[in-house]
Structures are given as C-alpha cells and as structure tokens.
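> All the letters of the sequence shown, read from the start, carry residue numbers 1 to 477 under the UniProt record's numbering. A virtual CB, placed ideally from N, CA and C, is assigned to each residue, including glycine. Quick caveat, the model's predicted, so the values are computed rather than measured.
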Amino acid sequence: MTTTIHTTWDRDSILVGGDWIPVTDCTEVHDPATESVIGRSASAGIAHVDAAVAAARSAGTAWGTSSPEDRAEILDALCTQLRARRQLLVDTTVAEVGAPVTVAEEAHIDLGIEILASYARLARDLPFRERLGRTLLLRRPAGVVACITPWNYPFYQLAAKVGAALAAGCTTVVKPAELTPLSTYLFADAAIDAGLPAGVLNLVPGSGRTVGAALTAHPGVDVVSFTGSTAVGRGVAHAAAESLTRACLELGGKSASVVLGDAPLPAAVTATVDAAMLNSGQTCSAWTRLLVPRTRYEDAVELAAGHAGTLRVGDPRDRATQLGPVISAAQRRSIAEAVDAAVAGGARLAAGGSGMPADLETGHYLRPTVLADVGPHDPIVRDEIFGPVLVVLPHDGDDDAIRLANDSDYGLGGAVWSADPERALGVAARMDTGQVDINGAPFNPEAPFGGWKSSGLGRELGRFGVEEFTELTAVQR
Ligand code: NAD
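1. To the nearest angstrom, how far is the alpha carbon of residue 330 from that of residue 422?
2. Pull up the distance between the alpha-carbon of residue 456 and that of residue 369, whole angstroms please.
3. Give the secondary structure of residue 444 by DSSP, where H, G and I count as helix, E and B as strand, and everything else as coil.
4. Once DSSP output is grouped into helix, strand and coil, what is the label at residue 410?
5. Going by alpha carbons, who is nearest to residue 103 out of 359, 322, 441, 120?
6. Taking only the alpha-carbon atoms, compute the straight-line gap between residue 54 and residue 180 and give it to the nearest angstrom.
7. Nearer than 7 Å: is that true of the beta carbon of residue 175 relative to any heavy atom of the ligand NAD?
8. Taking DSSP as the reference, what is the three-state secondary structure of residue 31?
9. Below 6 Å CB to CB, which residues in the same chain sit around residue 196 once its five sequence neighbours on both sides are set aside?
10. With respect to the beta strand (DSSP E) encompassing residue 36, which residues constitute its N-terminal and C-terminal limits?
11. In the DSSP assignment, find the beta strand (DSSP E) that holds residue 395 and state where it starts and stops.
12. Assuming residue 56 contacts residue 199 under a Cβ cut-off of 8 Å, what Cβ separation, rounded to an integer in Å, is found between them?
13. Determine the direct distance from the alpha carbon of residue 342 to that of residue 349, and round the result to whole angstroms.
14. My parser needs the alpha helix (DSSP H) runs of 4 or more residues fully inside the stretch 66 to 154; what are they?
15. Using only CA atoms, which one of 271, 77, 68 lies nearest to residue 414?
16. Where do the ends of the beta strand (DSSP E) carrying residue 226 lie?
17. Compute the Euclidean distance between the alpha carbons of residue 471 and residue 446, then round it to the nearest angstrom.
18. If you draw a straight line from the alpha carbon of residue 186 to that of residue 131, how long is it in whole angstroms?
19. Do residue 152 and the ligand PLP come close, with the Cβ less than 7 Å from some heavy atom?
20. If you drop the 5 nearest sequence neighbours on each side, which residues of the same chain put their C-beta closer than 6 Å to that of residue 25?
21. Near residue 440, what residues of its chain come up, given a Cβ to Cβ distance below 7 Å and the 5 sequence neighbours on each side ignored?
22. Return the CA-CA distance between residue 426 and residue 452, expressed in angstroms with no decimal places.
Below, the structure is given as structure tokens:
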C-alpha cells in the first residue's frame, strides 16, 4: 500500500474507471469564513456520467463476487489511508464547510472514519448467506449505487454511503455538493491508495440539475442514495420511480427535544441548545424545537437564551470557536429572513437575531438565535431553517408533548429528558421519528439513521445501511 497525499485544492479532473480525466468546466470553491476562493473542482457533464456508470457496471462483476473478507480488508486499508490524511481532511472541512475545527475533527472526520471502520466489521460479520428452513437466503449486492451528498457534512455523508455500498459488494458513482467537493477528492485519493479496484468508486462532481439528475434517472444505476433537502429528494424519488430504481432518501428534519416535568431543566436546555447549534445549526437531525413544561417555560427560555449568548461565534480555525459561518450568503439570507419574519409575526427574540455578530465583518455569520412565544403552526416552528435557530414551546404534560413533537411534517431525530428512564422510554416509543436520545445518550454509529414522513425513505448506518444496498435471492432446496 502506498500513500501519495495530494494537498492541492485545485482539482480539475473526474475519476472514471481508475483514471483521473481532466475536464474543461470547473467551478470555484469558496471559504464561507473569508468569502475568498480556496480551490477549484471539475464540473462534469452528461457524457461523463455515462462513462462513470459504465465503469461502475463493468467493475461490478468482480467486486460483487469478491469475498466479504476481501472487501473488509480494503475498507480497513481505506481507513488507514484516511487517517494518514486526517489533518488535511480537517483543514479541508474547515475551509470548505466553515465548520469550527473541533467540530470538523470530531463530527466530520473522526466519526466518518469510525463509520467506515464499522462497515469493515459488518462486511465480516453480516450473514450474506442465511438458512431459513429449507431455503438458502442469499443477500447479494444491488449493483451500481449513485451516492449524492449534501454540503453540511460532506465527508461523513460520503463515508456513510460509500462504506455501506462497498461492504455490500456494490460499486459506486459519487456526486458531492457543488459547494463542498474537496474532501470527496481526498476520499477518492485514499481509496486509490488503499487498493480499491478501478471502477469501484467513480467521482463526477458537478451541478445537481445536470449530474445529479442524470444519475438519478440513469438506467445503469440500481440504487440512488441521496442526502439533501426534502424538496430535491421528492424530485429524486419521482425520477427514480420512472425506472423503479430504489431510492434511499435522507432528507430534512425539525426534531423535538421533549423535556418532561421531572427533568433537570438546566442540563436538558443547555444540551438542546448545543445540539441545535452544532455545525453552526446545519445538522439535519438537530433538535430545533424545545418543548418544555408550561410551568417552567420562562425559566427554560431564560436558560436557553443565556446559554446561546455564551456560545462563541467566529473564526472556525480558532479552537475556542463554537459556531463558524453558515455555508453561503444565500443560506445566511434565507435564515435571517425566516428569523425576521417570525419576529414580525409576534415571536419574542430571546437571543441572537438576523444581524451579523458585532465584531465580524466578513463571512456568512449569524448569532445563535432563540425564539419564544411561537405557535405550533408558525413557519419558524414547522419549516427546516437549517441555521442556528431554536424555538421554545410550552407543553401541558407528557401526552401533549408527544402530540406537539409529532405535529411535524418531519421525523428524523429527537430527545426526551426525564429523571425516570422508564417514563422517558414510554414517551420515546410514541414519537414518530427515526431516532430518539434519552437524557443526552451518545450517538451510536451502528444504530439505523433515517426518517419518517418527509424526512426520507430507508436507513443508513450499521447493518441496516448495508442491507439497503443488497437484493435477496431465496434459493429453495
Ligand atoms: P440539496 O437538496 O440542495 O442538495 C443535495 C445534493 O443533491 C447536492 O449534491 C446537489 O447537487 C444534489 N442535487 C440538487 N438538485 C438535484 C437534482 N435535481 N437531482 C439530483 N441531485 C440533485 O441539499 P443541500 O442544501 O446540499 O443540503 C442541505 C439539506 O440536506 C437539508 O435539508 C438537510 O436537512 C439535508 N440533510 C439531510 C441529512 C439526513 O441524513 N437526513 C443529512 C444531511 C443533510
């Protein structure tokens, strides 16, 4: 295994069948903190998509019949290669996403590599052949997987998709978000150095409307694994339905953190604020609705606002920074407009607001914002804002809290806080959502992750993520 680390952020090529092919169209990549150009990425066209899918199909026969142990070894080697690039991956994530360096380290890169390592273990452990009475059940690779990723956690999302696909024996065509393609190039470099056979991972950066849409509708693609907004996800599902291509969709969220009457309020509220503001508020499963007992409402608003006010916003390269900029000027504008509209509609601004932090002039920054006195039908309570914005609503007991939590188009994450673990579990079991954390339990990278309702279809991570990329053949004997 050799390690050749390409440190440049000037990447004008696509990866097809193991070859880097230069393309004439490129797009600039910007740093959301400095607003300056930091690099370039190739922008592929339809013909490149066709070539990448053909390469993935032709590599599929050998990779799909390789042993799970061989695939596990390559995944382990990929982890080794990525660890050798950890600092570069962190620097790249800080630069292209604007993620604070400590968040880039833990939540983007280390967690992404941990997830890949878990897929290596699963490739070894999963029953790809299983007896069911007289039947031999074969769990076989589904074929070519198109992996379309968003800008908020580009490396982590890529690891979650590609790791599962490779473990299952599928080949991949990857399309990163236009705003954040650079860490995906580093992933591809690492895959080559790890000895991944040519064509098993192909990389075609480019626009969603061109490359993304072409992949989604491509007859050579067997599964589309898409993470992004609910609006685009709906279009992906339509396009995939035309050819009955399986679509795994990880979409938006508006998750509730439910504080029950017996919960320790300060711990529950501060943890909820931290979760809402993680990655500068750009996390799909963030707890952006805080539901607290009506009798403790004012205390909760004060605690939330007080804690939000202590969070340090600024240069993402400073280790003391807790919130960096949001991804773009357009995203900043849309968040600020949503906050202004809520305040104009009667919401109380308890912390933050739509303006820039006083000490910052450049960069797409916002202050952590807490809004109170909002109603369950207000757009700020129903819509995914995808920025550092938390709303606080009162509830009148456990049943009412569950009703409010479930009164959402989304169902991705959630939390319950109580001094009584059984009571908390009773509430969690009635929340219509993909994951619920009780009393701040840590993230489990092998637990299924995905959504109910408009939050998506299917599950990522762990064995559930691998199974999304397999087909079943039941052999009767
Ligand atoms: P987006 O939907 O704009 O884009 C996501 C990806 O889809 C990008 O690569 C984009 O180029 C591509 N795309 C755009 N149009 C397309 C089309 N017509 N056909 C195929 N692909 C197309 O989302 P975004 O703004 O990059 O990401 C933010 C959104 O992602 C938020 O809504 C967030 O909640 C969601 N998200 C969900 C999860 C999850 O696991 N559920 C995780 C992270 C982000």
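Answer, in terms of the structure:
1. Annotation: residue 330 to residue 422 spans about 44 Å, alpha carbon to alpha carbon.
2. Their Cα atoms are separated by approximately 27 Å.
3. In the three-state reduction of the DSSP assignment, residue 444 falls in the coil class.
4. In the three-state reduction of the DSSP assignment, residue 410 falls in the strand class, which pools E and B.
5. For the residues 359, 322, 441, 120, the minimum Cα distance to residue 103 belongs to 322.
6. C-alpha separation (whole angstroms): 25 Å.
7. For the ligand NAD, at least one heavy atom lies less than 7 Å from the Cβ of residue 175.
8. Looking at residue 31 - three-state DSSP - the assignment turns out to be coil, as it is neither helix nor strand.
9. In chain order, 74 place their CB closer than 6 Å to the CB of residue 196, counting only its own chain and leaving out the 5 sequence neighbours on each side.
10. Note, residue 36: premise wrong, no beta strand (DSSP E); not H, not E.
11. 389 to 395 is the span of the beta strand (DSSP E), which, as asked, contains residue 395.
12. Confirmed, Cβ separation roughly 6 Å.
13. Using only the alpha carbons, I get a separation of about 9 Å.
14. Whole alpha helix (DSSP H) segments, 4+ residues: 68 to 84, 86 to 97, 111 to 125.
15. The shortest Cα separation from residue 414 among 271, 77, 68 belongs to 271.
16. For residue 226, the uninterrupted beta strand (DSSP E) segment begins and ends at 223 to 227.
17. When rounded, the distance between both Cα atoms is 21 Å.
18. Approximately 41 Å, taken between the alpha carbons.
19. Among the ligands present in this structure, namely the ligand NAD, the ligand PLP is not found.
20. Contacts found: 43.
21. The residues are 271.
22. If you draw a straight line from the Cα of residue 426 to the Cα of residue 452, it is about 19 Å long.
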